[in-house]
Amino acid sequence: VSALAAPGKNVNIPSGETVTIPAGGTYLWNTNATGFNFNVSGSLVMNGTAQSPITFGPSTGTSNTIGGIYVENNGNLTMNYVETSYQQYEYSERAIYLEAGEAMITNCRFMNVPKEGIRVDAAASATIQNCEFTGGQSIGSIGIDSDITQGSGNTVTIRNNTIVDFQTGIKTNSTTDGINTTLDMRNNILYYNNTTQTGTICFDHYIEHRSTIDVNYNNSYGFADNFIDNNGQPLTNVYIQDWILDTDPL
Numbered sequence: 304v305s306a307l308a309a310p311g312k313n314v315n316i317p318s319g320e321t322v323t324i325p326a327g328g329t330y331l332w333n334t335n336a337t338g339f340n341f342n343v344s345g346s347l348v349m350n351g352t353a354q355s356p357i358t359f360g361p362s363t364g365t366s367n368t369i370g371g372i373y374v375e376n377n378g379n380l381t382m383n384y385v386e387t388s389y390q391q392y393e394y395s396e397r398a399i400y401l402e403a404g405e406a407m408i409t410n411c412r413f414m415n416v417p418k419e420g421i422r423v424d425a426a427a428s429a430t431i432q433n434c435e436f437t438g439g440q441s442i443g444s445i446g447i448d449s450d451i452t453q454g455s456g457n458t459v460t461i462r463n464n465t466i467v468d469f470q471t472g473i474k475t476n477s478t479t480d481g482i483n484t485t486l487d488m489r490n491n492i493l494y495y496n497n498t499t500q501t502g503t504i505c506f507d508h509y510i511e512h513r514s515t516i517d518v519n520y521n522n523s524y525g526f527a528d529n530f531i532d533n534n535g536q537p538l539t540n541v542y543i544q545d546w547i548l549d550t551d552p553l
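Per the working numbering: the sequence shown = residues 304 to 553.
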């Protein structure tokens, strides 16, 4: 399946409905198309394969921005072997905005992300694993930004990803108090091609109050900024071990 998509037409998926995009589909835009977005309250399933990925992007030789994905309410997003370029949701600066619901994003490539890769709000749960993100070194850019707050009991897993050329590679906020939330962030590589730029942050996480945290063996080539605050109380069920590399991990 190959299509040249028209800009300005959103795909709205209501609760109880499912839209499935088959493996091998290629969808290209010949003009800027930030007005073309998936708004997901039901289910969006994009299940490619290593041999037949699903591709979204601008037409060959252009850098047109394409629309993004917004998940709300009890929406569900599945992405496996999907490749996107220049993706940005119309009403935010993110390629994918998970305000609520659940997402399973695996083996995907997000290339030339204009500002922010994936945002996970406090009411959403997400697994982001074995993915590649490439940004444009823009000011304030973030590869993955997640919140575990508001007593929602959500779960966020960020594992085995490669995140390149975002001012902040991964940013996590965990501010729950006694709620059974989980943050599992392990074995990610965060890389910035210009490590001399002032203020460059490859790894940034903020933890407040008690929650189950496993932040382990994340490799950064650049700078790290880690802030932990538990109002003077000991942290429980928290294990953090990060590495700052002197040599290029890629």
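For every residue, glycine included, the Cβ atom is placed at its ideal position computed from N, Cα and C.
Query                                                                                                       : Result
Cα-Cα separation between I369 and N415, rounded to whole angstroms                                          : 11 Å
Beta-carbon proximity of I447 to T471, cut-off 7 Å                                                          : no
Presumed contact (8 Å Cβ cut-off) between I408 and T437, rounded CB distance                                : About 15 Å; that fails the 8 Å criterion.
P356, enclosing beta strand (DSSP E) - first and last residue                                               : From DSSP, P356 is part of no beta strand (DSSP E); its letter is neither H nor E.
Residue nearest to N376 in terms of C-alpha spacing, selected from Y394, G345 and Q391                      : G345
V374 versus V314 - alpha carbon distance                                                                    : 12 Å
Reference S388, options G371, G328, G360 and V467, closest by Cα                                            : G360
Closest by C-alpha distance to P325, when choosing among G378, W332, I372 and V385                          : V385
Collapsed DSSP secondary structure at T430 in the structure displayed                                       : strand
Straight-line Cα distance separating P356 from P317                                                         : 26 Å
Reduced DSSP secondary structure (H/G/I, E/B, other) of Q390                                                : strand
Cβ shell of E402 (< 8 Å), same chain only, five flanking positions each side left out                       : Y373, V374, E375, D424, A426 and A427
Spatial distance of Q391 from W332 (CA atoms)                                                               : 13 Å
Outcome for G378 when other beta-carbon atoms lying within 10 angstroms are tallied against a minimum of 16 : buried
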